[in-house]
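Quick note: to get our numbering, add 196 to the position in the sequence shown (first position is 1).
Beta carbons: idealized from backbone N, C-alpha and C, even for Gly.
Note that the structure is predicted; figures quoted are calculated from it, not measured.
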Amino acid sequence: METAEQIVDQMFTQDAFSQWLGIDRIAVKPGYCVLKMVVRTEMLNGFGIAHGGISYSLADSALAFASNSRGRHALSIETSISHTAPLQSGDAITATATEEQCSRRIGIYRVEIRKADGQLAAIFKGTVYRKSQDWEV
Numbered sequence: 197m198e199t200a201e202q203i204v205d206q207m208f209t210q211d212a213f214s215q216w217l218g219i220d221r222i223a224v225k226p227g228y229c230v231l232k233m234v235v236r237t238e239m240l241n242g243f244g245i246a247h248g249g250i251s252y253s254l255a256d257s258a259l260a261f262a263s264n265s266r267g268r269h270a271l272s273i274e275t276s277i278s279h280t281a282p283l284q285s286g287d288a289i290t291a292t293a294t295e296e297q298c299s300r301r302i303g304i305y306r307v308e309i310r311k312a313d314g315q316l317a318a319i320f321k322g323t324v325y326r327k328s329q330d331w332e333v
């Protein structure tokens, strides 16, 4: 198994929230991650659409897995999200995290969340601090 996948496996087994979201890991490689999940009724807000925290949380998990997959512990230091389309119960959504820049201490990532039909539902940007501690795999 590739080191990036081993790191994400370690992280995911300890991540009760990502497990609660129902995340499936589709692809992992250094600096890159694709996650998928289905919006459930208990994730809806008072308007009957997915709470913004749901897509944010999916994107945040994708950021964490992509940034840590390089082998060094990474923690988010700044994130933002723009919601571009509402999500309904039953929507299958995919988050694709792509590394835009990675230095010794800082990494910048873009995460796109898309519906099954390809419609963009959210754009998330995350900056991480890369600690000196490596993952043990």
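* To do: Output the distance between the C-alpha atoms of L231 and K327, rounded to the nearest integer angstrom.
  => Against the sequence shown, residue 231 aligns to sequence position 35. Against the sequence shown, residue 327 aligns to sequence position 131. Computed Cα separation, rounded: 24 Å.
* Please state whether DSSP places T280 in a helix, a strand or coil. => On the sequence shown, position 84 is the one that residue 280 refers to. Coil at T280, not helix or strand.
* Hey, could you find the ends of the alpha helix (DSSP H) A258 is sitting in? => If you number the sequence shown from 1, residue 258 lands on position 62. Unbroken alpha helix (DSSP H) run through A258: 248 to 264.
* **Contacts around G286, its chain only, beta-carbon distance under 6 Å, and the 5 residues preceding and following it disregarded** => Locating residue 286 in the sequence shown gives position 90, counting from the first residue. For G286, where only same-chain residues beyond five positions count, there are no Cβ hits under 6 Å.
* Asked: Looking only at its own chain, which residues have a Cβ that is under 7 Å from the Cβ of T199, when we skip the five neighbours before and after it?
  -> Within the sequence shown, numbered from 1, the residue matching residue 199 stands at position 3. Same-chain partners within the cutoff: G267, V333.
* Asked: With 16 as the cutoff for other CB atoms within 10 Å, does T243 come out buried or exposed?
  -> Indexing the sequence shown from 1 puts residue 243 at position 47. The amino acid at residue 243 is misidentified as Thr; the sequence shows Phe. It is exposed - the Cβ of F243 has fewer than 16 other Cβ atoms within 10 Å.
* According to the Cβ coordinates, are S214 and S263 closer than 7 Å? -> Looking up residue 214 in the sequence shown gives position 18. Looking up residue 263 in the sequence shown gives position 67. Taking 7 Å as the Cβ cut-off, S214 and S263 do not qualify as a contacting pair.
* From this set, A288, V307, L316, which residue's C-alpha is nearest A255's C-alpha? -> Translated into positions along the sequence shown, residue 255 becomes position 59. Considering only alpha carbons, the answer is V307.
* Asked: Three or more C-beta pairs closer than 8 Å, one from the stretch 308 to 322 and one from the stretch 278 to 293: is that the case here?
  -> yes
* Burial state of T209, where buried means 16 or more other Cβ atoms lie within 10 Å -> If you number the sequence shown from 1, residue 209 lands on position 13. Exposed is the call here.
* Asked: Taking Cβ to Cβ, would you say I203 is nearer than 7 Å to W331?
  -> Looking up residue 203 in the sequence shown gives position 7. Looking up residue 331 in the sequence shown gives position 135. In this structure, W331 lies closer than 7 Å to I203 by Cβ.
* Close Cβ partners of A291 (< 6 Å) along its chain, the five nearest in sequence each way excluded -> Locating residue 291 in the sequence shown gives position 95, where the first residue counts as 1. Taken in chain order, the residues that qualify are L231, L254, A255, A258, V307, I309.
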